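Residue numbers (the numbering used here): 36 to 198.
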């Protein structure tokens, strides 16, 4: 799992959300922050499915393969959204450049709150699927070498979410 360099407030928000999720995995050791070439774990299953290339698109509702308790509510499905987040109650197919606590009126985990665009030649796609991490069932979403709006690929970002 990786937390890219974001503004201090947003980076802290994303890290707190991810640490909250990890706190429920008693006895499981996972890295909470990694940088450099090994920041994204190469886990089987992470590329099982792909979100169609686009700007502001989402996957269909996808089963996690296990339930998660997120702030007292249990979820068994999610939507992988191109713009660097996953949502649990509906897809988020647009990007609104506002602080996440104001711009997302839904249940969301956003490892990267930005306007990702995978339409550009040279951009990777968003892939996702069930996997195993540290011997436990997991679900992975990869945003590998993805571009940004509008079809830009001169600066690519790579990040990952593992639940």
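Positions of the beta carbon are idealized from the N, C-alpha and C atoms, including for glycine. Bear in mind the structure is a predicted one, so any value in this text is a computation, not a measurement.
Buried versus exposed call for residue i [16 or more other C-beta atoms within 10 Å across all chains shown]
i: residue 96; result: exposed
i: residue 64; result: Low confidence applies to residue 64: its pLDDT is 41, below 50, so where it sits in the model is not reliable, and the reading given next is rough at best. When all chains shown are included, residue 64 counts as exposed.
i: residue 107; result: exposed
i: residue 174; result: buried
i: residue 167; result: exposed
Distance between beta carbons of residue j and residue i, contact taken as under 8 Å
i: residue 196; j: residue 181; result: Their Cβ separation, rounded to whole angstroms, is 13 Å, which puts residue 196 and residue 181 out of contact at 8 Å.
i: residue 135; j: residue 122; result: Not really, about 12 Å apart at Cβ, beyond 8 Å.
i: residue 127; j: residue 116; result: 5 Å
As assigned by DSSP and simplified to three states, the class of residue i
i: residue 143; result: strand
i: residue 135; result: helix
i: residue 110; result: strand
i: residue 54; result: Legend: pLDDT at residue 54 = 34, less than 50; position of this residue unreliable, value from coordinates given subsequently. Helix.
i: residue 78; result: coil
i: residue 117; result: coil
i: residue 185; result: coil
i: residue 105; result: strand
Cβ neighbours of residue i in the same chain (closer than 6 Å, five flanking residues each side left out)
i: residue 129; result: 91
i: residue 84; result: 163, 164
Residue(s) in a DSSP beta bridge with residue i
i: residue 178; result: 161, 194
i: residue 169; result: Note: residue 169 sits in no beta bridge, so no partner.
Cβ-based neighbour list, residue i, same chain, cut-off 8 Å, excluding 5 preceding and 5 following
i: residue 191; result: 157, 158, 159, 180, 181, 182
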